[in-house]
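With our numbering, the residue at position 72 of the sequence shown is 54, and numbering never jumps. Ideal placement from N, C-alpha and C gives every residue a C-beta, glycine not left out. Model, not experiment: these values are computed from the prediction.
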Amino acid sequence: KPLVQEDIVQGTKAIEEVTGQSPRWFRSPQGIKSLWLPSLVESLGQHMVAWSVSIWDTDKPGVEKLLQRLLKRVQPGAIVLLHDGCGLGEHPSAIQMINAIKGAFPVWKDRGYQFVTLSEAFASRQETAARPVDAPPGIS
C-alpha cells in the first residue's frame, strides 16, 4: 500500500508540474481494484473511475473491425477504454484506433451523442454515464 500511495503521489505531482492543475480523476493501471484503493485515492483528493466499454484495440484487428466494435458497443454515457500506442513494442502505433474514431464520430453525432468531460458527465443526474468505482458521497 505505501508503494502504491507513493506512485500515485508522484504521478499527481508530475501531472501538476506539466498542466498546472491537480488531477481530479484516477484510473488504476489495467483497471485493477482493491478494497483499500478507493479510500486511498479519495484521501488524495481524486475520484476513481473505470471504463464501461472496451473494444480490445490492443489486438490491432484493423480499422473496420475497430469501427464495428465502437459503433456496436458505445452507448450514451459510455466511458471507452482506448490505448495510445497499443503497447510498448518496437513500433507502437495508434493509427488504427485514430482512424476508427474518425469514422465513429460522425455516426455518433448523427445519433445525437454529446462528448463531455468526466466532470460534466458525473455532475449531471440526467446522464446515464457509468459511475466511479466506490463513488464518494454525491456521486452515485
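Once you ignore the five residues that flank Ala111 on each side, which residues in its own chain have a CB closer than 6 Å to its CB?
-> Along the sequence shown, read from residue 1 onward, the residue named residue 111 stands at position 129. Here the model assigns Ala111 a pLDDT of 41, short of 50, so the residue's position is not dependable, and the following value carries that caveat. Here the set comprises Gly59, Ala103.
Is Arg6 closer than 8 Å to Ser101 when the C-beta atoms are compared?
-> For the purposes of this step, residue 101 is taken as residue 119 along the sequence shown, with counting starting at 1. For the purposes of this step, residue 6 is taken as residue 24 along the sequence shown, with counting starting at 1. In this structure, Arg6 lies closer than 8 Å to Ser101 by Cβ.
Check whether the Cβ of Ala82 lies closer than 7 Å to any heavy atom of the ligand ADP, and answer yes or no.
-> What this structure holds is no ligand at all, so the ligand ADP is not there to describe.
Who are the near neighbours of His65 in its chain, counting only those whose CB is closer than 6 Å to its CB and skipping five residues on each side?
-> Taking the first residue of the sequence shown as 1, we reach residue 65 at position 83. Only Asp39, Thr40 meet the Cβ criterion.
Under 8 Å, do Gly61 and Ser34 count as touching if we go by C-beta distance?
-> Stepping through the sequence shown from its first residue, residue 61 is reached at position 79. Stepping through the sequence shown from its first residue, residue 34 is reached at position 52. Strictly speaking, residue 61 in this sequence is Ile, with Gly absent from that position. Ser34 is positioned such that its CB atom lies closer than 8 Å to that of Ile61.
Work out the CA separation of Gly13 and Gly2 for me, nearest whole Å.
-> As a position in the sequence shown, residue 2 is number 20, starting the count at 1. As a position in the sequence shown, residue 13 is number 31, starting the count at 1. Each residue's alpha carbon lies about 26 Å from the other.
Under the three-state reduction of DSSP, which class applies to Val115: helix, strand or coil?
-> For the purposes of this step, residue 115 is taken as residue 133 along the sequence shown, with counting starting at 1. Residue confidence is low: Val115 scores 47 on pLDDT, short of 50, so the model does not pin down where it sits. Its coordinate-derived value is still stated next. In this structure, DSSP gives Val115 a state outside helix and strand, which the three-state scheme calls coil.
Would you tell me roughly how many angstroms separate the C-alpha atoms of Ser36 and Ile(-3), rounded to the nearest one?
-> Counting from 1 along the sequence shown, the entry for residue 36 is found at position 54. Counting from 1 along the sequence shown, the entry for residue -3 is found at position 15. Between Ser36 and Ile(-3), the C-alpha separation is close to 25 Å.
Identify whether Thr53 lies in helix, strand or coil by the three-state DSSP scheme.
-> Along the sequence shown, one-based indexing puts residue 53 at 71. Here residue 53 turns out to be Leu, not Thr, going by the sequence shown. DSSP, reduced to helix, strand and coil, places Leu53 within a helical segment of the structure shown.
Taking the continuous alpha helix (DSSP H) assigned at Gly(-7), which residues delimit it?
-> Position 11 of the sequence shown holds residue -7. Where Gly(-7) is concerned, the enclosing alpha helix (DSSP H) starts and stops at -16 to 1.
Straight-line gap, Ser4 to Phe97 (C-alpha atoms, nearest Å) = Along the sequence shown, read from residue 1 onward, the residue named residue 4 stands at position 22. Along the sequence shown, read from residue 1 onward, the residue named residue 97 stands at position 115. Answer to the nearest angstrom: the Cα atoms are 22 Å apart.
Closest residue to Val31 among Phe8, Ala86, Pro88 (Cα-Cα distance) | Reading the sequence shown from its first residue, position 49 is the one you call residue 31. In terms of Cα proximity to Val31, the closest of Phe8, Ala86, Pro88 is Phe8.
In three-state DSSP terms, what is Ser106?
-> As a working note, residue 106 is residue 124 in the sequence shown. Correct three-state label for Ser106: coil.
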